[in-house]
Every structure is written in structure tokens, then in C-alpha cells.
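In the order they appear, the protein sequences are chains A and B. Using this note's numbering, you'd call the opening residue of the first sequence number 1 and step up by one each time. Using this note's numbering, you'd call the opening residue of the second sequence number 1001 and step up by one each time. In what follows, a single structure is set out as C-alpha cells and then discussed.
Protein chains: 2
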Amino acid sequence: MARPRTFNTDDAVEKAMQVFWTHGYEGASLPDLLEGMGLTRGSLYKAFTDKKTLFLKVLEHYEGQAVDSGVAVLESADIPNGADRIMTVFTGAYRAVTEGDQRGCLLCTAAAGPSTYDDEIAHAVSKGLGALRDGICVALQASPKHEDMSDEAQGALADMLIAQYMGLRTMARARIDTNTLRNAVRSVGVMLA
Amino acid sequence: MARPRTFNTDDAVEKAMQVFWTHGYEGASLPDLLEGMGLTRGSLYKAFTDKKTLFLKVLEHYEGQAVDSGVAVLESADIPNGADRIMTVFTGAYRAVTEGDQRGCLLCTAAAGPSTYDDEIAHAVSKGLGALRDGICVALQASPKHEDMSDEAQGALADMLIAQYMGLRTMARARIDTNTLRNAVRSVGVMLA
DNA sequence: AAAATAAGGAACCGATCAGTACAATACACA
DNA sequence: TGTGTATTGTACTGATCGGTTCCTTATTTT
């Protein structure tokens, strides 16, 4: 006995993700979101409570999409050498920039922004980055050069690679020149080889 | 025959830097700045034109202070091994967090924020990061393990270390747990050793 | 067809934003 | 001690922020 939604919630979250990805959490105004999502204020607040709740939903969506696809690469048996899997992720980040995507990583942008003062957002960001870190650990287990390292040393290396990833994607967002990115990725390759 | 300023411009910029460092460019409201700098709207606008101009002045000040002191370490003959100089910078960033400073690096926060849409800020950020990069190159020249690398390879490694630095300081700002930071720094040490 | 329910949409809310205008103030010089 | 001038501080501007209210419209169930 209720009028059903004329928009699909998942589609709306996907569209909201695009807006937040481009403008960041604070940079995305409500009008930006409404236009990008194709709905009006009433519908948005009825469906998503408020901006921050929507953003948390978007972060979940981002994890189940961008992060999980990265993790899939890191755990992919199609690439036998785990170090190659890691490099696939890094070169992918580089390629995104050369192909015109300078939005970086939503998690990294959130890390530098609202994570600094909002615990829930900080927690969601940590969770996403932690998933990536675990993926890197799996990849290291499948790398001849690294498989014999202690778990602790592997974990520490994974933490370093996460920091490297965050730095790279933040540089991309800051429009640092692509040669710098290219060099950085290349050096990661040298380090892992 | 003019009434002289009752505040010192450099002091005011220093105080503004503290505010921007804590809150970021967009997160620092004019009332925040006025309170932190100890002046009123009229004085601020007369002396610094507007918020963005003030921020560019602050970035200059930051370079001449935080960045230059980092570069000084990287070029310091007191630490003969250049790799040790680099590690001093990284462990310094880690120690800052353990000592309660979670503000990260003003340049890195600006990179993830206004650099994405403002060319002047992006340029100032690139300049500061470039100075650090050059310092790292000098240090690598003084590292037995790296001094024989080609200039190109040294530069690429420096680019990677800049990305690493940005990632670390962004993690600090996002309040990622200190063990992760510690591990990442430790792994940088292993890589450079 | 009527009743119940929720989506849709627009007008509106107080708060806050960066920036401005102007009068009061304090200093330097004569 | 008066006069000119730049600084200072307050009040204000218009725009925009996130969020709410409420009426209309559409749809499902009885």
C-alpha cells in the first residue's frame, strides 16, 4: 500500500559515489549530489537520512567495488607471481591518470579530509585500506622473493606499500606530473623485483 | 604620518599556518583564522587581501620552515650516510605522531584538497614537494648503496620516497594506528639498508 | 472506487561562509 | 597640540551551506 521508489537505491549510491569521488566529501554540495543522482532534496533525505550517512553508504559501495576489484587482482591465481599482482595494481593507478582520471582514490581523499575529525568515516576508511593491505599480504605469500619472509615482515612491507599507494593516488589528485608518478611506480617495481 | 601596524606580519603568517595546518585550507574558517591570528577581519583583509592569498603566503612560510628543515637534514653532513638522513626524516614523521601531532603535512593535506581545483595552490605544493625530492636526491648521492645508481634511477627512487612520505603523513592525519606507520617506516629502512 | 502510504518537489529554515563598507581610533608628523 | 592618514573593529552583505516542512502526486492494497 505504499508508492514504490521510482529510483534504484544502488544506482543512486553509485551516482553519489561519482560525485564524492570527484569533489570529495566536503567539496560535494547538496546541489551537486542532487544533480548527479537525479533526485530532489526530499527524496534524498527520505532515502539516505543525511549527507554523512549517504557518504558512509558510498564508502561501503566503493569498498565493494573499487577496493574489492583491487583485492581480486592481488589474490588472482591468473598472475602466478604475487609481486606482479601488486605491480598490476600500481600500474593500474598510474594508467588511470594517463587516461585522464585524476580523481585519485576516494578512500585516500577521505583520509586526508573528514577522517581527521569524524570517527565513523575514519573507521570506514581504515577498513577499506585494511582490506587492501590484507590483499597485498596474500600477494606477498605468492611471491618467490617474499614468501619466506616472516609474517611480521610481510605485514610491515604491506603497510609500506599501502602508504605508497596512498601517496601515489594523492599525487594523482594533486595533478603532480605523470613522469613523477611513472618514476615512483617504476621504483616500486625495482624494489619488488 | 601613518599609523603603524600593531601586529607583526610574519608572526601573523606563522599563526595562520598553525590554523591551516590543523584544519586544512577549506576547513579553516575566517573566524578560526581571526582567532588564531589574533586580529579582526578588517586587519586581515587589509594585510593579506583574501583567504587564498593568505594561504599562498602560508605555504611559502611552510616551505621556508618545515620543508627547509627537512631538506637541511637530507643535506646534513653531520649524518654521513645519506640513507640515514632519509630515515631521519621518516622516523621524524613517525615520532611526530607518537608525540601527539596528527596534523600530518600541510603540503600533503593541500595536495589532497585545494590542489585539485586551484592551479596556484597546486603549483606551490609541487614546488615544496620538489624541494624535498631534490633533498632526497642529494642524500642518495651520499649513500654508499645508492651513489652508483644512475641519476635517472636515483630520481625515480626519490619520487617513490616522496610518494611514500605523502602516504605516511596522510595516514597520520587520518589517524591510522601507529603500528601501521611504524611498520611502514621500518620497511622503508629495510629497503634503503 | 476509496483509503492508506510514501515519493516527489518546492519553499523555507537558521547558520555560516568569504568578503566589504565605514566609522572610530591611534599614531606620526608638523 | 592640531591635522592627516592608515589601522582597526564592527556591522553588514549576498550567497551558500546542510537540513526541514509540508503540500501535491502517484501507487498499491482493500
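We treat Cβ as the ideally placed atom computed from N, Cα and C, and that holds for glycine.
is_contact[residue 1108/B, chain A] using C-beta, thresh 9 Å: Looking up residue 1108/B in the second sequence gives position 108. Cβ-Cβ to chain A under 9 Å: yes for residue 1108/B.
Element boundaries [alpha helix (DSSP H), containing residue 1159/B]: In the second sequence, residue 1159/B corresponds to position 159, counting from 1. Residues 1151-1173.
9 Å Cβ cutoff met for residue 13/A and residue 57/A: Translated into the one-based positions of the first sequence, residue 13/A becomes position 13. Translated into the one-based positions of the first sequence, residue 57/A becomes position 57. For residue 13/A and residue 57/A, yes; Cβs fall inside 9 Å.
Closer than 9 Å to chain A by CB, residue 1122/B: Numbered from 1 along the second sequence, position 122 holds the residue referred to as residue 1122/B. Taking a beta-carbon distance threshold of 9 Å, residue 1122/B counts as an interface residue toward chain A.
Close Cβ partners of residue 1105/B (< 7 Å) along its chain, the five nearest in sequence each way excluded: To locate residue 1105/B, count along the second sequence from 1; it is residue 105. Listed in chain order, the non-local C-beta contacts of residue 1105/B below 7 Å within the same chain comprise 1169, local neighbours out to five positions each way being set aside.
Assigned secondary structure, residue 49/A (DSSP; H/G/I helix, E/B strand, else coil): The residue given as residue 49/A occupies position 49 in the first sequence. In the structure shown, residue 49/A adopts coil according to DSSP, grouped into three states.
Buried versus exposed, by CB contacts within 10 Å (16 or more), residue 1049/B: As a first step, residue 1049/B is located in the second sequence; it is residue number 49 there, counting from the start. With fewer than 16 Cβ atoms within 10 Å of its Cβ, residue 1049/B is classed as exposed.
Beta carbon of residue 1061/B nearer than 9 Å to that of residue 1101/B: Locating residue 1061/B in the second sequence gives position 61, counting from the first residue. Locating residue 1101/B in the second sequence gives position 101, counting from the first residue. Contact: no.
Chain B within 9 Å of residue 162/A, Cβ atoms only: Here residue 162/A refers to the residue found at position 162 when the first sequence is read from its first residue. Yes, residue 162/A lies at the interface with chain B (some Cβ there is under 9 Å from its Cβ).
Contact residues within the segment 142-166 of chain A, judged by C-beta distance below 9 Å to chain B: 152, 153, 155, 156, 157, 158, 159, 160, 161, 162, 163, 164, 165, 166
Cutoff 6 Å; reference residue 1059/B; Cβ partners in own chain excluding five residues on either side: Start at 1 with the first residue of the second sequence, and residue 1059/B comes out as number 59. Sequence-distant Cβ neighbours of residue 1059/B in its own chain, meaning closer than 6 Å and more than five residues away, are 1124.
Residue 77/A versus residue 1118/B: straight-line alpha-carbon distance, rounded: For the purposes of this step, residue 77/A is taken as residue 77 along the first sequence, with counting starting at 1. For the purposes of this step, residue 1118/B is taken as residue 118 along the second sequence, with counting starting at 1. Spanning the two alpha carbons is a distance of roughly 43 Å.
Continuous alpha helix (DSSP H) stretch holding residue 1091/B: start and end: As a first step, residue 1091/B must be located in the second sequence, where it is residue number 91. Residues 1082-1098.
Distance, residue 159/A Cα to residue 1184/B Cα: Residue 1184/B sits at position 184 when you count from the first residue of the second sequence. Residue 159/A sits at position 159 when you count from the first residue of the first sequence. Rounded to whole angstroms, residue 1184/B to residue 159/A spans 5 Å at the Cα level.
Interface residues of the segment 1007-1021 of chain B facing chain A [CB-CB below 7 Å]: For chain A, none of the residues of the segment 1007-1021 of chain B brings a beta carbon within less than 7 Å of one of its beta carbons.
C-alpha gap between residue 156/A and residue 1029/B, whole angstroms: In the first sequence, residue 156/A corresponds to position 156, counting from 1. In the second sequence, residue 1029/B corresponds to position 29, counting from 1. Looking at the two C-alpha atoms, the distance is approximately 38 Å.
Residue 1172/B and residue 1096/B closer than 9 Å at C-beta: Start at 1 with the first residue of the second sequence, and residue 1172/B comes out as number 172. Start at 1 with the first residue of the second sequence, and residue 1096/B comes out as number 96. Yes, the pair counts as a contact, with Cβ atoms nearer than the cut-off.
Cβ-based burial, residue 1085/B [other Cβ within 10 Å; buried from 16]: For the purposes of this step, residue 1085/B is taken as the residue at position 85 of the second sequence. Residue 1085/B comes out buried.
Nearest to residue 1051/B (by Cα), restricted to the options 1024/B, 1074/B, 1075/B, 1066/B: For the purposes of this step, residue 1051/B is identified with residue 51 of the second sequence, where counting begins at 1. Answer by Cα proximity: 1024/B.
Beta-carbon separation (whole angstroms), residue 1067/B vs residue 1089/B, contact threshold 8 Å: By one-based count along the second sequence, residue 1067/B stands at place 67. By one-based count along the second sequence, residue 1089/B stands at place 89. The Cβ separation is near 11 Å, so there is no contact.
Length at least 4, wholly inside the segment 1026-1078 of chain B: the alpha helix (DSSP H) runs in chain order: 1030-1037, 1041-1048, 1051-1062, 1068-1074
Alpha-carbon to alpha-carbon, residue 6/A and residue 1053/B: For the purposes of this step, residue 1053/B is taken as the residue at position 53 of the second sequence. For the purposes of this step, residue 6/A is taken as the residue at position 6 of the first sequence. Each residue's Cα considered, the two are about 47 Å apart.
Buried or exposed by the 16-neighbour rule on C-beta atoms within 10 Å, applied to residue 1193/B: If you number the second sequence from 1, residue 1193/B lands on position 193. With a threshold of 16 other beta carbon atoms within 10 Å, residue 1193/B falls short and is exposed.
Three-state secondary structure assigned by DSSP to residue 1113/B: The residue you call residue 1113/B lines up with position 113 of the second sequence. The answer is coil: DSSP assigns residue 1113/B none of H, G, I, E or B.
Interface partners of residue 81/A on chain B, CB under 7 Å: Looking up residue 81/A in the first sequence gives position 81. Within chain B, no residue comes near residue 81/A; the closest Cβ sits about 19 Å away, beyond 7 Å.
Where residue 1195/B meets chain A, residues with beta-carbon distance less than 7 Å: Lying outside 1001 to 1193, the shown extent of chain B, residue 1195/B is not represented and no answer is given.
Collapsed DSSP secondary structure at residue 9/A in the structure displayed: The residue labelled residue 9/A in the question sits at position 9 within the first sequence. In the structure shown, residue 9/A sits in a helix (DSSP, three-state: H, G or I).
Nearest-angstrom Cα separation, counted from residue 136/A out to residue 1149/B: Numbered from its first residue, the second sequence carries residue 1149/B at position 149. Numbered from its first residue, the first sequence carries residue 136/A at position 136. Distance between the alpha carbons of residue 1149/B and residue 136/A: 28 Å.
Buried/exposed call for residue 1154/B, threshold 16 Cβ in 10 Å: Walking along the second sequence from the start, residue 1154/B turns up at place 154. So residue 1154/B ends up on the buried side.
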